[in-house]
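Chains as they are written, first to last, in our numbering: chain A, 65 to 334; chain B, 65 to 334. This report refers to the structure that appears directly beneath it.
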């Protein structure tokens, strides 16, 4: 049985979820972390609910085989579509990134109009809208898929005129509305936060669903009496299902550290 | 044993290979075709050689279970990295898109300087360079990965100022050289042929490796006495491993027909 000293498990379709690990390590530095990125089958955001659920179950099984006490679904697409399937199957607490992001957006909004950007799977699932309306009936939620943002981040074209124009095109729809909060519903998007804030302007608060999840994990660990009470810094171990050369470069960009050791594993039939 | 009336099998990581099917149907209209697109695990172009080989073997096994007489590897990334693994394992003839593209480029070039664009897997494999140098020792081959082109095509931003600027940035390297032929080493790129030709200018011939493969298939079928001698139009059957809503839209764009029936199958452990 997992206990207080067991690691926290985090999975993502790739290395974008390392931004969630980074937020967790800052907030909960005494926890140990196990990360699995399903890079052989990424991205999840263009795929169907049933395929994403199947892949997600295999990720969670891998983490549980490592004895984790909690599973964080760092991938928005998997959080949007596979959380019920995961909770029906596994006993450990499972936290996605959607609810913490929705909570933070509802707390921030004055106008009651909230924008959400993400992959096609995330936006088409309507998951943020569903959570937001549960918290604040009558809120207006406007979603917009932005499929070019992930490859732009992976090219490292972060502060770039082309990225600016793509953002202008995707985000124009929010200008015409009274949206005063915009949820970054994809773990890659925080790296474009500067460009996105420029385009939407100072009247719109940006909510990063990846970092809000760290607070939710902290509250849950305390509530369940599962927080690690060690005084020493925690350990971390990173696994991926495929390891092309650029993954380490992109991983370091997300994690913000130079020393990134990643191990290759076969996951289900990835 | 497959014979003259057996179907031709074609696989790709997604639906881009439908541009190869389209060229085959135009050139060899009396053949029957079976197509499998591994949409659950696409794209292949960002993944490693061993992972692409494993996925490719599963695609070929599926086609062989349908009795095909020949396997066309429509995906450049798989042609670049998995052809040897496929030929070592299966007895039917296996044709990739690389050699036909290299042949056409060597025939076209005057300067002996040939450019190649494709995914990271294709360009990093050096496959076009290898083929070209075998045909014409002393040729100069300059490769450039263009990872944003596929998502731009899938957004249908074909004749678009943003796509133009991305093309300007990726292709600037060819302007400074004496490249007089540019190989489109990815099945998505023919849809950007107009933009690409604008950017590289009239002095550079464009070789579409997807359509040159149709000629290679025709020659091989005749040589092996495997061409279908039926007079009636051939049939075609399309399978994918995941079927999100947009796949049909993109598939129709590639195939150039409105009536596209696609069946979902589970492939290996996709």
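Ideal Cβ placement from N, Cα and C applies to all residues, glycine included. All figures in this text were calculated on a predicted structure; none of them were measured in a lab.
Residue i burial status per 10 Å Cβ neighbour count (16 or more: buried)
i	result
residue 173/A	buried
residue 292/B	buried
residue 294/B	exposed
residue 246/A	buried
residue 199/A	exposed
residue 166/B	buried
residue 309/B	exposed
residue 239/A	exposed
residue 201/B	exposed
residue 419/A	As displayed, chain A neither begins before 65 nor continues past 334, which places residue 419/A out of reach and without an answer.
residue 254/A	buried
residue 297/B	exposed
residue 327/A	exposed
residue 111/A	buried
residue 209/B	buried
residue 129/B	exposed
Close Cβ partners of residue i (< 8 Å) along its chain, the five nearest in sequence each way excluded
i	result
residue 278/A	84, 87, 88, 90, 91, 92
residue 282/B	91, 92, 291
residue 203/B	170, 173, 176, 177, 178, 196, 197
residue 159/B	134, 135, 136, 137, 277, 280, 281, 284
residue 68/B	133, 289, 290, 291, 292, 293
residue 193/A	180, 205, 207
residue 312/A	324, 326
Simplified DSSP state of residue i, which is helix, strand or coil
i	result
residue 179/B	strand
residue 161/A	coil
residue 293/B	coil
residue 256/B	helix
residue 205/B	strand
residue 113/A	helix
residue 131/A	coil
residue 216/A	helix
residue 269/B	strand
residue 148/A	helix
residue 99/A	strand
residue 262/B	helix
residue 94/B	coil
residue 328/B	strand
residue 303/B	strand
residue 154/B	coil
residue 196/A	helix
residue 315/B	helix
residue 247/B	strand
residue 281/B	helix
residue 170/A	helix
residue 237/A	helix
Any non-hydrogen atom of the ligand MG closer than 6 Å to residue i Cβ
i	result
residue 256/B	This structure does not include the ligand MG; it has no bound ligands of any sort.
Beta-carbon proximity of residue i to residue j, cut-off 7 Å
i	j	result
residue 182/A	residue 140/A	yes
residue 120/A	residue 152/A	no
residue 314/B	residue 218/B	yes
residue 195/B	residue 162/B	yes
residue 227/A	residue 216/A	yes
residue 74/A	residue 99/A	yes
residue 355/A	residue 81/A	As shown, chain A starts at 65 and ends at 334. That puts residue 355/A outside it, with no answer to give.
residue 267/A	residue 186/A	no
residue 149/B	residue 191/B	no
residue 212/B	residue 237/B	no
residue 154/B	residue 331/B	no
residue 263/B	residue 232/B	yes
Contact set for residue i: own chain, Cβ-Cβ below 6 Å, skip 5 residues either direction
i	result
residue 78/B	101, 103, 106
residue 300/A	97
residue 285/B	291
residue 306/B	103, 104
Spatial neighbours of residue i in its chain, beta-carbon cut-off 7 Å, leaving aside the 5 residues before and after
i	result
residue 241/A	177, 206
residue 221/B	227
residue 70/A	131, 132, 133
residue 164/A	273, 276, 277, 279, 280
residue 261/B	270
residue 244/A	173, 174, 175, 177, 267, 268, 269
If you measure beta-carbon to beta-carbon, which residues of the stretch 218-230 of chain A are closer than 8 Å to chain B? So the list reads 218, 219, 225, 226, 229, 230, given in the order they occur along the chain.
Using a Cβ cut-off of 9 Å, which residues of the stretch 82-114 of chain A contact any Cβ in chain B, in chain order? Cβ contacts with chain B: 103, 104, 105, 106, 107, 110, 111, 112, 114.
Report the residues of the stretch 253-283 of chain A with a CB closer than 8 Å to any CB of chain B, ordered along the chain. Listed in sequence order: no entries.
Proximal residues, the stretch 174-201 of chain A versus chain B, C-beta separation under 9 Å: The stretch 174-201 of chain A vs chain B, Cβ under 9 Å: 184, 185, 188.
Give, in chain order, every residue of the stretch 289-308 of chain A whose Cβ lies closer than 7 Å to some Cβ of chain B. If you check each beta-carbon in the stretch 289-308 of chain A against every beta-carbon of chain B, the ones closer than 7 Å belong to 306, 307, 308.
Members of the stretch 114-144 of chain B near chain A, C-beta cut-off 8 Å: From the stretch 114-144 of chain B, only 115 have a Cβ closer than 8 Å to chain A.
Could you list the residues in the stretch 202-218 of chain B with a C-beta less than 9 Å from some C-beta on chain A, going in chain order? Answer set for the stretch 202-218 of chain B: 211, 212, 214, 215, 216, 218.
Any C-beta of chain A within less than 9 Å: which residues of the stretch 146-163 of chain B qualify? Of all residues in the stretch 146-163 of chain B, none has a Cβ within less than 9 Å of some Cβ in chain A.
With 7 Å as the C-beta to C-beta threshold (strictly closer), list the residues of the stretch 312-328 of chain A near chain B in chain order. Hits within the stretch: zero.
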